[in-house]
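For the record, the sequence lines run as chains G and V.
If you want my numbering, it's the position in the first sequence, counting the first as 1, plus 351.
If you want my numbering, it's the position in the second sequence, counting the first as 1, plus 351.
Protein chains: 2
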Amino acid sequence: MNCLEARIVKDGIVKEGNVLKVDSFLNHQMDPELFNEMGREWKRRFEGKTITKILTIEASGIGIACIAAQHFGVPVVFAKKAKSINLDGEMYTAEVESFTHKNKNQVIVSKKFLNENDHLLLIDDFLANGCALQGLIQIAKAAGATVEGIGIAVEKGFQAGGQIIRNLGYQLESLAIVEEMNWETGEIKFREQ
Amino acid sequence: MNCLEARIVKDGIVKEGNVLKVDSFLNHQMDPELFNEMGREWKRRFEGKTITKILTIEASGIGIACIAAQHFGVPVVFAKKAKSINLDGEMYTAEVESFTHKNKNQVIVSKKFLNENDHLLLIDDFLANGCALQGLIQIAKAAGATVEGIGIAVEKGFQAGGQIIRNLGYQLESLAIVEEMNWETGEIKFREQ
């Protein structure tokens, strides 16, 4: 059991409807020491790959991505969820449906910060149906950048996102893959990695 | 000139209407090495203060706060801008007007993550009229927590926010205070610190 799985067992809360709350250490309150361990593990798993930039999506991907980026020595770009008057110039856009919020968002990245010379590591906190990740992949493609790998904190292994992304040929490294969880007993089963 | 001021001179772009774009290193593309220097400087400026937690606001405060938190050895909590179905239970709320987006947001923090034993460092990327910061202060007060200090990356010294916050008695440490900027020449004048 790695550090993230152990932390999920300790502090994660299983709720009815296959909801896993990890907001005490991952996506509302955040533990930078844990993020540092996660960054070290992604660095190990993507050993040998050339990464020039990390691409993530606001809001909860940003902290994880910034600390992981310290292990790769690269900048981070985050996709923004709404149009801002400060984001002038041309931008890459993709439409993303949120599982959590049950709505659709336009996500945007300024064309200034991604191009065909970039070798990207995509980072996000959660992977369920994969919509956010598909949006990031779409933006990477539009920029002509290469997606070298994808690092996810928690994957819901019983939803389709992970398999779809792996079937597309991407190296997807989820640090914790939840196979099953039981909200009545609180039990969580992880996929062996 | 500190590392942030130097970076603003090098990569910041002054636009008409007193807009300073720092999106190539601070709030769209992000430079974790710069954030690390900023964290070190805040640690120095708040030397001797007991900090138990960093409180910030999504989205562009998160990366800076997470890396700064490594220097203080504390967790980060970020205030969220919209109600989420994953944020059940009781929460602290404040209303915040955005200078950039010209709209009002409810910002919320779960009551689980702030209480009267917390000694907070508030961190954000920008301080202009101070509305976001006032929201965070309001939330800290509602929790009964102590605001030990406030760390801002870029303060617009010609707007009222900084003076209002300092007049309230808070130790506000802005790493770059822009006194004047000229969009025609691109010149930026910083306050001597």
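Backbone N, C-alpha and C define an ideal beta-carbon position, used for all residues, glycine too.
Could you pull out every residue in the same chain whose Cβ sits closer than 8 Å to the Cβ of residue i, ignoring the five residues on either side in sequence?
i      : result
A527/V : N353, L355, E356, I359, A504, V505, E506 and F541
E499/G : F397, K400, T401, I402, H470, L471, L472 and Q522
I413/G : T407, V427 and F429
L465/V : K404, L406, V428, Y443, L471, I490, A491, A494 and A496
Hey, is residue i's beta-carbon within less than 8 Å of any beta-carbon in chain G?
i      : result
E409/V : yes
G481/V : no
G520/V : no
Q510/V : no
Q421/V : yes
D374/V : yes
W386/V : One detail in the question is off: residue 386/V reads as Phe in this sequence, not Trp. True, the Cβ-Cβ gap to chain G drops below 8 Å.
I490/V : no
F464/V : yes
G502/V : no
I539/V : no
I413/V : yes
In its own chain, which residues sit with a C-beta less than 6 Å from the C-beta of residue i, not counting the 5 before and 5 after it?
i      : result
F423/V : I402
E467/V : G495
S411/G : N378 and D476
D362/V : S375 and F376
G486/G : A445, V447 and V458
K394/G : H422
N369/V : none
Between the Cα of residue i and the Cα atoms of the options, which residue gives the shortest distance?
i      : options                           : result
K455/G : S461/G, H470/G, E446/G and K463/G : E446/G
Q544/V : E524/V, I364/V and W534/V         : E524/V
V458/G : K400/G, H470/G and C482/G         : C482/G
I488/V : A430/V, E538/V, M532/V and N378/V : A430/V
S461/V : I364/V, K394/V, L406/V and L371/V : L406/V
E409/V : Q510/V, V427/V, K394/V and L465/V : V427/V
Spatial neighbours of residue i within its chain, please: C-beta separation below 7 Å, excluding the five flanking residues on both sides.
i      : result
Q380/G : D374
Q421/G : G390
H484/V : The identity of residue 484/V in the sequence shown is Leu, whereas the question assumes His. Only L473, D475, L478, I501, G512 and I516 meet the Cβ criterion.
G508/V : I528, V529, E530 and R542
A552/V : Outside the displayed range of chain V (352 to 544) lies residue 552/V, so it cannot be described from this structure.
I418/G : P383, F386, N387 and G390
I415/V : F386, M389, I474, D476 and A504
V365/V : L371, M532, N533, W534, G537 and I539
Q510/G : A479 and N480
E448/V : K455 and C482
V425/G : I402, T403, K404 and I405
E392/G : N353 and L526
Could you check if residue i is buried or exposed, using at least 16 other CB atoms within 10 Å of its CB as the buried criterion?
i      : result
T536/V : exposed
L326/G : Given that chain G is displayed from residue 352 to residue 544, the structure contains no residue 326/G and the question cannot be resolved.
E615/V : Because chain V spans 352 through 544 in this model, residue 615/V falls outside it and cannot be assessed.
N533/G : exposed
E367/G : exposed
K404/G : buried
K432/G : buried
Based on the DSSP output, what are the partners of residue i in its beta bridges?
i      : result
I359/G : According to DSSP, which records beta bridges pairwise, I359/G is partnered with nothing at all.
I408/G : A430/G
Q457/G : E446/G
H470/V : T497/V
L371/V : V365/V
K507/V : V529/V
F541/V : V529/V
F477/G : V505/G
Q380/V : V428/G
E524/V : G502/V
Hey, is residue i's beta-carbon within less than 8 Å of any beta-carbon in chain V?
i      : result
F429/G : yes
H470/G : no
Q380/G : yes
I418/G : yes
I359/G : no
K394/G : no
K400/G : no
S461/G : yes
G486/G : no
I364/G : no
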